[in-house]
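Asker: Once you've had a glance at the structure underneath, I'll fire off some questions.
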Amino acid sequence: MNRHTHWLPYLRRCLDLAQQGAAQGEIPVGALVVSARGQVVAAEHNLQRKPHFDPTGHAEIRALRAGAEALQHPTLEGCTLVVSLEPCTMCAGAAVLARVKRIVFAAWDPKAGACGSIRDVARDSRLNHRPEVIGGICEADARLQLQTFFSDLRR
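Taking the UniProt record's numbering, I'd label the letters of the sequence shown as residues 1 to 155.
Have a look at this one:
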């Protein structure tokens with residue numbers, strides 16, 4: 001068993017959250033904050049579109065906020081951000097500033113990904129803190145979910 005299979009149940013939950021968001025017309029992205037002990041302390045999906053109109057309503061930002069609130073601390077040291085899609089620059093930057101231990105995601109994002117696709121915010125950070133990045137787990141399932149959503153949207 002490779003070390004990445006540990007993250008499969010969490011990524012499946014992210015895909016379920018993403019589907020909940022898609023059912024509300026949101027781009028299907030789900031995110032979790034997982035404590036060092038493996039406890040899910042926050043679970044969110046995108047919430048950007050009507051009626052919210054929130055450009056920062058990405059699943060990752062919402063999960064980081066909820067995780068900090070749940071843990072009653074502004075940083076999430078020792079925690080992992082688990083996401084169905086590679087975080088964008090805003091979300092990867094927020095994860096670095098929140099001091100998460102690692103970022104785990106399903107699908108790479110060749111258009112906006114900032115954990116290795118277009119740029120690598122974690123690696124390029126000049127802060128002393130650089131989270132580990134693990135990507136591409138359950139990628140086919142996450143990619144299919146996104147492709148189906150956008151295909152249905154175009155109809």
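Glycine is no exception: its CB is placed at the ideal position from the N, C-alpha and C atoms. Everything numeric in this text was worked out from a predicted model, so none of it was measured.
What residue from Ala94, His129, Gly135 has the CA that sits closest to Phe105's CA?
Answerer: The candidate whose alpha carbon is nearest that of Phe105 is Gly135.
Asker: Which of the three DSSP states, helix, strand or coil, is assigned to Phe53?
Answerer: Here Phe53 sits in coil by DSSP.
Asker: Determine the burial state of Thr5: buried for a count of at least 16 other Cβ atoms within 10 Å of its Cβ, exposed for fewer.
Answerer: By the 10 Å Cβ count, Thr5 comes out exposed.
Asker: Would the region 53 to 62 count as touching the region 16 to 32 if we require 3 or more Cβ pairs under 8 Å?
Answerer: At 8 Å Cβ cutoff, the stretches touch.
Asker: Is the beta carbon of Val96 closer than 7 Å to that of Val34?
Answerer: Contact flag unset, no.
Asker: Pull up the distance between the alpha-carbon of Ala22 and that of Leu47, whole angstroms please.
Answerer: Taking the straight line joining both Cα atoms gives about 10 Å.
Asker: Tell me which same chain residues have a C-beta within less than 6 Å of the C-beta of Cys88, skipping the five on either side of it?
Answerer: The residues are Ala112, Ala114.
Asker: Between Asp124, Gln72, Phe150, which has its C-alpha nearest Gln19's C-alpha?
Answerer: If we check each option's Cα against that of Gln19, Phe150 comes out closest.
Asker: When you compare each of Arg99, Pro55, His52 to Pro74 by their alpha carbons, which one comes out closest?
Answerer: Comparing Cα positions, the closest option is Arg99.
Asker: Starting from Leu85, follow its DSSP beta bridges and name the residues at the other end.
Answerer: Ala107, per the DSSP bridge assignment.
Asker: If you draw a straight line from the C-alpha of residue 168 to the C-alpha of Asp152, how long is it?
Answerer: With the chain covering 1 to 155 only, the question about residue 168 has no answer from this structure.
Asker: How is Ala43 classed by DSSP in three states: helix, strand or coil?
Answerer: Here Ala43 sits in strand by DSSP.
Asker: Assign Leu85 to buried or exposed, taking buried as 16 or more other Cβ atoms, counted over all protein chains shown, within 10 Å of its Cβ.
Answerer: Result: buried.
Asker: Distance check for Ile118 and Arg130, CA to CA, integer angstroms please.
Answerer: About 17 Å.
Asker: From which residue to which residue does the beta strand (DSSP E) around Val121 run?
Answerer: Element bounds for Val121: not the beta strand (DSSP E) but the alpha helix (DSSP H), 121 to 124.
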